[in-house]
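Student: Can you keep this structure in mind? I'll have questions shortly.
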Amino acid sequence: MLLYKYGFLLNKMKYFLIKNISFSIGMRNAKLDTIDIGTGDNYFLDISNNSDQVIDAIIDTYNKLPERKGKQQRGRKTKQEWKKILAKESKGEFGANSVLIPRGIRATGKIYLSKNPVFVSTNFVVCTLPSLSEAIMLSTWMSTIFYQLICEVSSKDQEGMRKMEICDIEKTFIPVFDNIKKETKDALFKEYSSIRFLKLIDPQIRQVDRIWANELFGENSDTMLDNARRMLEYLAKRRNA
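Written as structure tokens, this is what we have:
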């Protein structure tokens, strides 16, 4: 159960003084503008981290809420039905060092990294890495002009939105991290927290793009960057036309 921060249900819980609620990090939408999600964009109610008394109080509060006008009517469920749903959803936690890939992108080449365990909506495909260093390398690579260009080629155009499922992501290319030079890894670790996402129809070459280009293409890095930038801009504009 992903709960909007400061949303109506969370406020209701505070109003009814439900104490000792433990929330986990959640990501619902690809709206954050930083690669590191920090505490996420939502709270997640993990049944395993809360007592039966707290869960009962939350369900009772939810079931007492009036139907919201103009919204799809929610089906009434018993307390046991809600507990069964919560127990199932609480098994969907992804581990620390997870890279979150948005399934649908229109204007901005976003990619996210969670250093902590996280629950996500179906808006993301998730890759959990063995270590933070590998997660940083993967997320920084996926933020680059090169990878975003690959995604434009590998994805489906759904009314101007770039849609990618697991099968599409599996067609993309990832460098062999064991072959990456230490100097490159150090530069990526230093740079990743400063990354700003690409505007796909007007991509500007950033330091993270240069780091990866130097690693992969050496003396040809500037030429490859310029070619990738032009092709990405062309494909993104065509998709959004």
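Heads up: the sequence shown runs through residues 9 to 249, numbered per the numbering used here. Cβ coordinates follow ideal geometry from the N, Cα and C atoms, glycine included.
(1) As a quick exercise: from Leu196, Trp149, Met232, Ala143, pick the residue whose alpha carbon is nearest that of Leu206.
(2) How is the alpha helix (DSSP H) around Thr69 delimited, first residue to last?
(3) In angstroms, rounded to a whole number, what distance separates the CA positions of Gln156 and Gln88?
(4) Secondary structure at Ser229, three-state DSSP: helix, strand or coil?
(5) Going by the CB atoms, is the gap between Glu142 and Phe185 shorter than 8 Å?
(6) Note down the Cα distance separating Ala236 from Ile177, rounded to an integer number of angstroms.
(7) With a threshold of 8 Å on Cβ separation, who are the neighbours of Leu94 within its own chain once the five nearest residues in sequence on each side are excluded?
(8) Starting from the C-beta of Ser98, find all residues in its chain whose C-beta is less than 6 Å away, skip the five residues before and the five after it, and write them out in chain order.
(9) On the three-pair Cβ rule with 8 Å, is the region 227–236 touching the region 191–204?
(10) Should the region 122–137 be called in touch with the region 152–171, which here means at least 3 C-beta pairs below 8 Å?
(11) Quick check for students: name the residue ranges of the alpha helix (DSSP H) that lie wholly in the region 132–219, counting only runs of 4 or more.
(12) With DSSP run on the structure shown, which of helix, strand or coil describes Leu243?
(13) Can you tell me whether DSSP reads Arg237 as helix, strand or coil?
(14) Just the Cα atoms here: how many angstroms apart are Asp49 and Asp194?
Tutor: Answer, in terms of the structure:
(1) For the purposes of this step, residue 206 is identified with residue 198 of the sequence shown, where counting begins at 1. Here the closest residue by C-alpha is Trp149.
(2) The residue you call residue 69 lines up with position 61 of the sequence shown. Counting along the chain, the alpha helix (DSSP H) containing Thr69 begins and ends at 60–72.
(3) Residue numbering aside, residue 156 sits at position 148 when the sequence shown is read from its first letter. Residue numbering aside, residue 88 sits at position 80 when the sequence shown is read from its first letter. Their backbone Cα atoms lie some 45 Å apart in a straight line.
(4) To locate residue 229, count along the sequence shown from 1; it is residue 221. If DSSP states are grouped into helix, strand and coil, Ser229 belongs with the helices.
(5) Here residue 185 refers to the residue found at position 177 when the sequence shown is read from its first residue. Here residue 142 refers to the residue found at position 134 when the sequence shown is read from its first residue. Their beta carbons are under 8 Å apart, which means Phe185 touches Glu142 by this criterion.
(6) The residue labelled residue 236 in the question sits at position 228 within the sequence shown. The residue labelled residue 177 in the question sits at position 169 within the sequence shown. Straight-line Cα distance between these residues: approximately 19 Å.
(7) The residue given as residue 94 occupies position 86 in the sequence shown. For Leu94, where only same-chain residues beyond five positions count, the Cβ hits under 8 Å are Met9, Leu53, Ile55, Ile63.
(8) Residue numbering aside, residue 98 sits at position 90 when the sequence shown is read from its first letter. If we look at Ser98 and ignore the five residues flanking it on each side, its Cβ neighbours are Asp54, Ile55, Ser56.
(9) no
(10) no
(11) 140–151, 153–162, 174–177, 190–199
(12) Along the sequence shown, read from residue 1 onward, the residue named residue 243 stands at position 235. Correct three-state label for Leu243: helix.
(13) Sequence index remark: in the sequence shown, residue 237 carries index 229 (1-based). DSSP places Arg237 in helix when its eight states are reduced to three.
(14) Here residue 49 refers to the residue found at position 41 when the sequence shown is read from its first residue. Here residue 194 refers to the residue found at position 186 when the sequence shown is read from its first residue. Computed Cα separation, rounded: 29 Å.
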